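Novice: Can you keep this structure in mind? I'll have questions shortly.
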Amino acid sequence: MFRKLAWFSVVLIGVVCVTAVLVRAAGAETVTVNVVQVLASNEGGDYVDPALGALGRRLKKTYPYRNYKKVGSSSQSSGVGGQLQFSLHGGMLLTLQVKSFKASVVSMLAVVTRGRKSLLTTNLTVASGRTVIIGVPVGTNRLILAITPYVK
Numbered sequence: 002m003f004r005k006l007a008w009f010s011v012v013l014i015g016v017v018c019v020t021a022v023l024v025r026a027a028g029a030e031t032v033t034v035n036v037v038q039v040l041a042s043n044e045g046g047d048y049v050d051p052a053l054g055a056l057g058r059r060l061k062k063t064y065p066y067r068n069y070k071k072v073g074s075s076s077q078s079s080g081v082g083g084q085l086q087f088s089l090h091g092g093m094l095l096t097l098q099v100k101s102f103k104a105s106v107v108s109m110l111a112v113v114t115r116g117r118k119s120l121l122t123t124n125l126t127v128a129s130g131r132t133v134i135i136g137v138p139v140g141t142n143r144l145i146l147a148i149t150p151y152v153k
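Just so you know, we're using our numbering here: the sequence shown kicks off at 2 and counts up by one.
Encoded structure:
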């Protein structure tokens, strides 16, 4: 009797674990991507937009500019194979093609265009909740994009 109960408990625990994995996999069908736009320039005095918080300090260490001003922020969601488009400062467009997400790591193709001209094409691989930073020139300034995916 005890062996049957122990065996039943092992099987039940196995079923619960497999169910939890399947529920997690089924729930991980979408990724929400947040894009923060920052205009970096050398015009004027030193300034980091307080709305940037810790991101502003990170940018100051990474990019050699004096001013960092938040000029936009938006989020969109998609599944694997989906395409997200973000209107950017200066009439540009960011297109993200969600290629895959495994173990909360998201792979995307990022393309920044102005009109029909491609300014940047790159593959991004980033863990859910982590931020990757890319930048494109805007005259003598730089538009910096902080891209953060969240797997749900």
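For glycine and all other residues, C-beta sits at the position ideal for the given N, C-alpha and C.
Keep in mind it's a predicted model, so treat the numbers as computed, not measured.
Distance check for Gly73 and Asn43, CA to CA, integer angstroms please.
Specialist: Taking the straight line from one Cα to the other gives about 19 Å.
Novice: Excluding sequence positions up to five away, which residues of its chain have a Cβ less than 8 Å from the Cβ of Ser101?
Specialist: Contacts found: Val81, Val107, Ser108.
Novice: For Thr126, which residues of its own chain have a beta-carbon under 6 Å away from its beta-carbon, when the five flanking residues on both sides are left out?
Specialist: Once the five neighbours on either side are set aside, the close Cβ partners of Thr126 are Ser108.
Novice: Secondary structure at Ala52, three-state DSSP: helix, strand or coil?
Specialist: Ala52: helix per DSSP, three-state reduction.
Novice: Quick check on Gly136: buried or exposed, where buried means 16 or more other Cβ atoms within 10 Å of its Cβ?
Specialist: Buried, because 16 or more other Cβ atoms sit within 10 Å of the Cβ of Gly136.
Novice: Just how far apart, CA to CA, sit Glu30 and Ser79?
Specialist: In a straight line, the C-alpha of Glu30 is about 8 Å away from that of Ser79.
Novice: Unbroken beta strand (DSSP E) runs of length 3 or more, entirely within the segment 102-127: which are they?
Specialist: Runs of the beta strand (DSSP E) inside the segment 102-127: 106-115.
Novice: Does DSSP put Ala27 in a helix, in a strand, or in coil?
Specialist: Because Ala27 sits at a pLDDT of 48, beneath the cut-off of 50, its placement in the model cannot be relied upon, and the point is left open.
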